[in-house]
Amino acid sequence: MAMPFVGKEQQFVYAVRGLDPNRVSKAPLLPIRLLPPGNLQPKALFLNHKTSTMPAQEDRPDGQPPVTAPRELTGEEAALYDRQIRLWGLEAQRKLASSSVLLAGDVCSLTAQELAKNVLLAGVMRLGLVEYDDKYKKAPRSFLGDSVPAIVQSLKEMNPLVNVQVIEKPCLEVVKQFSVVCAIGMSRKEELLMTEACRAAEVPFLAGRVAGVIGWVFLDLGDEYSYQKSESNVSGPHDSASVSMKTASYCSYKAALDANWGRETARSAFGWHVAYTLQEFASRHSRLPSADETDVKLMTELYAELSESKKSKRTNTKLIERVANTASAILGPVCAIVGGMWGREVIKIVSGKGEPLNNLFFFNAETSAGSVERVGPPG
Numbered sequence: 291m292a293m294p295f296v297g298k299e300q301q302f303v304y305a306v307r308g309l310d311p312n313r314v315s316k317a318p319l320l321p322i323r324l325l326p327p328g329n330l331q332p333k334a335l336f337l338n339h340k341t342s343t344m345p346a347q348e349d350r351p352d353g354q355p356p357v358t359a360p361r362e363l364t365g366e367e368a369a370l371y372d373r374q375i376r377l378w379g380l381e382a383q384r385k386l387a388s389s390s391v392l393l394a395g396d397v398c399s400l401t402a403q404e405l406a407k408n409v410l411l412a413g414v415m416r417l418g419l420v421e422y423d424d425k426y427k428k429a430p431r432s433f434l435g436d437s438v439p440a441i442v443q444s445l446k447e448m449n450p451l452v453n454v455q456v457i458e459k460p461c462l463e464v465v466k467q468f469s470v471v472c473a474i475g476m477s478r479k480e481e482l483l484m485t486e487a488c489r490a491a492e493v494p495f496l497a498g499r500v501a502g503v504i505g506w507v508f509l510d511l512g513d514e515y516s517y518q519k520s521e522s523n524v525s526g527p528h529d530s531a532s533v534s535m536k537t538a539s540y541c542s543y544k545a546a547l548d549a550n551w552g553r554e555t556a557r558s559a560f561g562w563h564v565a566y567t568l569q570e571f572a573s574r575h576s577r578l579p580s581a582d583e584t585d586v587k588l589m590t591e592l593y594a595e596l597s598e599s600k601k602s603k604r605t606n607t608k609l610i611e612r613v614a615n616t617a618s619a620i621l622g623p624v625c626a627i628v629g630g631m632w633g634r635e636v637i638k639i640v641s642g643k644g645e646p647l648n649n650l651f652f653f654n655a656e657t658s659a660g661s662v663e664r665v666g667p668p669g
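Each number in the numbering used here corresponds to the 1-based position in the sequence shown with 290 added.
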């Protein structure tokens, strides 16, 4: 269902019912009517309703790193984001309101539009869009539009409080200005250049795409990523929860690509096999496979070659064949699911609340299942 546009008289947000993966994956995203500011309860939830004096992002000097210190919300922001503040807390919303997210690559794709919508409605300060090739200039008609100008206009109408910017000339230096960078449907060469720039700037990097019935997101949050984790304490007659700081290590995207496979079990979803093989096919042929016998044969032969070179102990050739037959199709529900999961991870990264997936999310519409795999070197 298309997301309704937001006007001043009637505002909507998509609220996710909980940050726990097991809960979120079972709950749909529902449009929720927000109350006028005067009807908000409890009012004590907001620490400061005064308008923030922080300069808008476009007023800052070019090249200056994004503001990371949480700021006070304006009264308008507090009213618009009321429901999600009750969900993940005021401090998390303040961090979101001080963050900048960059979407790069195929920003006109349906997956990118779903991701942009989810990040925008979460209440980030700035959303940047950058195209990396002329092939991304137009896309099939979708709910935000079929061109970058149309998409930007729809996003601005959806949430006028977020600064939506188009970066005309791709430049790796621009990643320093953002809190999180997302690469959608980019070539492997482009992804590697961007992840290297993100690693150097210590900016979290996420890469993924949707191809027919499958889709994936890879997360590289650096060698040392800190986050808040809530833990339930069941002792005595009453349950309680405590919050502690945790640290996780993520392998680099390049290390994951260079590593052998070999970790597969009989219950593996083989998501990394699919993602790697599709990206390798796209690198060699400058396109995804089409639903014909020639491309299916090319994909299976390529998979056999990669499985041998990567020393894979288990393979799933039938899955590769099915993926090859549908890879060029655009399926809205698959884009919505992958874009929704991707957006949820961005929100967790920016807010520092909740443990992000480590490090590959893979969705297969044929089995209606999503899985998380730890790919990369052992250890």
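Note that the Cβ used here is the ideal one computed from N, Cα and C, for glycine as well. Note that the coordinates shown come from a computational prediction; the quantities given were computed from them, not determined experimentally.
> What are the boundary residues of the beta strand (DSSP E) that E663 is part of?
Replying inline: The residue given as residue 663 occupies position 373 in the sequence shown. Start and end: A659 to E663.
> Start and end of the beta strand (DSSP E) containing N654?
Replying inline: For the purposes of this step, residue 654 is taken as the residue at position 364 of the sequence shown. Where N654 is concerned, the enclosing beta strand (DSSP E) stretches over L650 to N654.
> Is DSSP giving M415 helix, strand or coil here?
Replying inline: Here residue 415 corresponds to residue number 125 of the sequence shown, with the count starting at 1. M415 falls in the coil class under three-state DSSP.
> CA-CA distance, E447 and L650?
Replying inline: In the sequence shown, counting from the first residue as 1, residue 447 sits at position 157. In the sequence shown, counting from the first residue as 1, residue 650 sits at position 360. Their Cα atoms are separated by approximately 33 Å.
>> Could you tell me which whole alpha helix (DSSP H) segments of length 4 or greater appear in the region 356 to 399?
In response: Fully enclosed alpha helix (DSSP H) runs of 4 or longer: 365 to 370, 372 to 378 and 380 to 386.
> If we count the other Cβ atoms within 10 Å of its Cβ and call it buried at 16 or more, is N408 buried or exposed?
Replying inline: Translated into the one-based positions of the sequence shown, residue 408 becomes position 118. With 16 or more Cβ atoms within 10 Å of its Cβ, N408 is classed as buried.
> How would you label T555, buried or exposed, when you count the other beta carbons within 10 angstroms and need 16 or more for buried?
Replying inline: Position 265 of the sequence shown, counting from 1, holds the residue named residue 555. The residue in question, T555, is exposed, as its Cβ has fewer than 16 Cβ neighbours within 10 Å.
> With T567 and I610 assumed to form a contact (beta carbons below 8 Å), what rounded beta-carbon distance in angstroms separates them?
Replying inline: Counting from 1 along the sequence shown, the entry for residue 567 is found at position 277. Counting from 1 along the sequence shown, the entry for residue 610 is found at position 320. Sure, about 6 Å apart at Cβ, within 8 Å.
> Can you find at least 3 beta carbon pairs, one from the region 501 to 510 and one from the region 643 to 657, that sit closer than 8 Å?
Replying inline: The region 501 to 510, when compared against the region 643 to 657, does touch it at the 8 Å Cβ threshold.
>> Using a Cβ distance threshold of 8 Å, determine whether the region 443 to 459 contacts the region 394 to 411, with at least three qualifying pairs required.
In response: The count of Cβ pairs closer than 8 Å, one atom from the region 443 to 459 and one from the region 394 to 411, reaches three, so the stretches are in contact.
>> Check for me: the beta strand (DSSP E) holding D510 runs from which residue to which?
In response: Translated into the one-based positions of the sequence shown, residue 510 becomes position 220. Unbroken beta strand (DSSP E) run through D510: I504 to D510.
> Helix, strand or coil for V628 per DSSP?
Replying inline: The residue labelled residue 628 in the question sits at position 338 within the sequence shown. For V628, the secondary structure class from DSSP, reduced to helix, strand or coil, is helix.
> In chain order, what residues of the same chain lie with their CB nearer than 7 Å to the CB of L462, ignoring the 5 residues before and after it?
Replying inline: In the sequence shown, residue 462 corresponds to position 172, counting from 1. Listed in chain order, the non-local C-beta contacts of L462 below 7 Å within the same chain comprise L483, M484 and A487, local neighbours out to five positions each way being set aside.
> Which residues does DSSP pair with K519 in a beta bridge?
Replying inline: As a position in the sequence shown, residue 519 is number 229, starting the count at 1. Partner(s): S534.
>> So if DSSP puts Q285 in a beta bridge, which residue, or which two residues, is it bridged to?
In response: Residue 285 cannot be examined here, being either before or after the span of the chain that is shown, 291 to 669.
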